[in-house]
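Read left to right, the sequence shown gives residues 844 to 955 (my numbering).
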Amino acid sequence: MADDAGQGIVIFRQTVEDPDLGAVRTLRRGLESADIKALPVETREAFSFFVSETVTNLIEHTSVSPSQIVLELVTTAGAWVCRILDNGPTFDGFDAQLAMSYEKWNSNKGLQ
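Below is the structure:
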C-alpha cells in the first residue's frame, strides 16, 4: 500500500494507543515480526535501536506523553525508512535544532 504522502510503500505499520514504556517492547516485537529479512542484520538492529530510543524519549522526556504512537517501515526507490509518528508535543528546542540541521545540510558542511 502506498503511504499517505505518496512516497513509497508501507511495508509495516503498527499503532499503540495510550503508550507507556511497555510500548517499546510491543513496537520492537512488531518490527521483528515484519517481513524485512532481506535487510542486513545491521540495518534491522539500527531500526530496533531507533524505535527503542525514540519511543522511550517520547514517553519519558516530553511535557505531555502522546496518546498514540505509530511505527511504519516504508520502502522507497532504493531506500528504507523507519518512521515514528505521534500526536504529542515536540521535544524542547526541536524546531530550532531542525532548522539549524537544515542550514548545515544545505551549506554542504554536514551535521557535526
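C-beta: ideal position from N, C-alpha, C; glycine also.
Do residue i and residue j have their C-beta atoms within less than 8 Å of each other?
{"i": "E860", "j": "S910", "result": "yes"}
{"i": "G931", "j": "T905", "result": "yes"}
{"i": "I854", "j": "L916", "result": "yes"}
{"i": "Q835", "j": "G873", "result": "Any answer about residue 835 is impossible in this case: the structure gives the chain only from 844 up to 955."}
{"i": "I912", "j": "A866", "result": "yes"}
Is DSSP giving residue i helix, strand or coil here?
{"i": "T905", "result": "coil"}
{"i": "L882", "result": "coil"}
{"i": "A877", "result": "coil"}
{"i": "T897", "result": "helix"}
{"i": "A922", "result": "strand"}
{"i": "L941", "result": "helix"}
{"i": "T858", "result": "strand"}
Give me, in chain order, the residues of the same chain whose beta-carbon lies closer than 7 Å to that of residue i; leave out the 5 immediate sequence neighbours on both sides.
{"i": "T869", "result": "V859"}
{"i": "R926", "result": "E915 and V917"}
Leaving aside the five residues before and after residue i along the sequence, list all residues of the same chain whose C-beta is less than 8 Å from its C-beta, in chain order.
{"i": "L864", "result": "T899, I902 and E903"}
Given residue i, which residues of its chain have a CB within under 6 Å of its CB, disregarding the five upstream and five downstream residues?
{"i": "D938", "result": "none"}
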